[in-house]
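Take the sequence shown: its position 56, counted from the start at 1, is 53 in this note's numbering, and no numbers get skipped.
Here is the structure we will look at.
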Amino acid sequence: MKSNSSTLIKLLVLGCLSVVCVAEDFDFFYFVQQWPGSYCDTKKSCCYPTTGKPAADFGIHGLWPNYKDGSYPSNCDPNNPFDQSEISDLRSSMQKEWPTLACPSGSGIEFWTHEWEKHGTCSESVIDQHGYFAAALNLKQKLNLLQALESAGIQPNGDSYSLGNIKDAVKSATGFTPFIECNVDESGNSQLYQVYFCVDTSGSDLIECPVFPHGKCGSQIEFPSF
-2 MKSNSSTLIK LLVLGCLSVV CVAEDFDFFY FVQQWPGSYC DTKKSCCYPT TGKPAADFGI
58 HGLWPNYKDG SYPSNCDPNN PFDQSEISDL RSSMQKEWPT LACPSGSGIE FWTHEWEKHG
118 TCSESVIDQH GYFAAALNLK QKLNLLQALE SAGIQPNGDS YSLGNIKDAV KSATGFTPFI
178 ECNVDESGNS QLYQVYFCVD TSGSDLIECP VFPHGKCGSQ IEFPSF
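Here's what the structure looks like:
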């Protein structure tokens, strides 16, 4: 009898663990936007989506659940795949605000599938699939990054600007400290590539980042045209 009880307890514990894995907890989101000119201006190059060249504006890369220790959950629920019908009312906005630049040219479906299945499923205990993509679109509208930079005289024209001035311009306009990620062009110049903000677990309100990603930019950053 004792052996049977022990086995039952083990099964219950394993069952609880499997549920925890699906409804993974997390501490905050990174909301990440990328500059298309920098994505394209590398050895890897880029391909415009099948809908045509995107606007010369920051595009959404993703909304990523994270932990305060710098790690993050991923691929939390293989039983909840991306479903186009869930976001049919958002699709035109997503094509504009969340365009794919990967080669070969695509419609965006593959990009959005990856983002939902790797990152979005880890927030499904808080927001469903439609809510996840809608939250990212709302955040993009709330954070007009290009306007924030241009208002401070920082233009996407191939000139270089100080990292400090870029951060100050964004914080002044949004009220929150961004993390700036750079990439390197074919000439070895540091470029403004991605801008990270932190968002609470509801996916709606900006917060100061409890931890920043790893990475380093040069003191002078090129802002390429697109």
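Ideal Cβ positions, reconstructed from N, Cα and C, are used throughout, including at glycine.
A quick note: this is a predicted structure, and the numbers were derived from the prediction, not measured.
Residue i CB to nearest heavy atom of the ligand SAM below 7 Å
i: K65; result: This structure does not include the ligand SAM; it has no bound ligands of any sort.
Beta-ladder partner(s) of residue i, from DSSP
i: Q126; result: Per DSSP, none; premise fails for Q126.
i: F25; result: N63
i: E219; result: S157 and Q188
i: L203; result: V196
i: G56; result: Q31
i: I177; result: V192
Rounded C-alpha distance that separates residue i from residue j
i: S199; j: S159; result: 33 Å
i: L142; j: C73; result: 30 Å
i: I84; j: P70; result: 23 Å
i: P101; j: W95; result: 17 Å
i: N231; j: Q30; result: Outside the shown range of the chain, which is -2 to 223, sits residue 231, and nothing can be said about it.
i: S42; j: K139; result: 29 Å
i: Y129; j: A170; result: 25 Å
i: Q152; j: L146; result: 7 Å
i: M91; j: T39; result: 24 Å
i: A53; j: C44; result: 15 Å
i: G161; j: Y27; result: 21 Å
i: I204; j: G172; result: 9 Å
i: G49; j: W109; result: 17 Å
i: D165; j: F79; result: 37 Å
i: D156; j: F176; result: 20 Å
i: G117; j: I57; result: 14 Å
i: Q144; j: V167; result: 9 Å
i: N154; j: P75; result: 43 Å
i: V181; j: V123; result: 36 Å
Anticipated Cβ contact below 8 Å, residue i with residue j, distance rounded
i: F223; j: P33; result: 5 Å
i: L98; j: Y36; result: 5 Å
i: D24; j: P221; result: Not quite, the Cβ-Cβ distance comes to about 34 Å (not below 8 Å), so this is no contact.
i: V192; j: L136; result: With 8 Å as the limit, V192 and L136 do not qualify as a contact, their Cβ atoms being about 12 Å apart.
i: E178; j: G212; result: 5 Å
i: I218; j: Q188; result: 6 Å
i: T47; j: G103; result: 6 Å
i: E121; j: N77; result: 6 Å
i: L87; j: A149; result: About 31 Å; that fails the 8 Å criterion.
i: C119; j: P51; result: No, C119 and P51 are not in contact; Cβ-Cβ is about 27 Å, not under 8 Å.
From the options, residue whose alpha carbon lies closest to that of residue i
i: D66; options: F220, S216, P210 and Q217; result: P210
i: S89; options: V192, E114, E147 and I106; result: I106
i: F55; options: H111, P75 and K93; result: K93
i: H127; options: N63, L189 and S82; result: S82
i: K115; options: L60, D22 and S201; result: L60
i: Y190; options: S68, S201, G215 and K168; result: G215
Short CB-CB distance (under 8 Å) between residue i and chain B
i: N154; result: Among the chains in the structure shown there is no chain B, since it carries only a single protein chain.
Ordered list of alpha helix (DSSP H) runs contained in the region 68 to 108, each at least 4 residues:
Within the region 68 to 108, the complete alpha helix (DSSP H) runs of at least 4 residues are 88 to 94.
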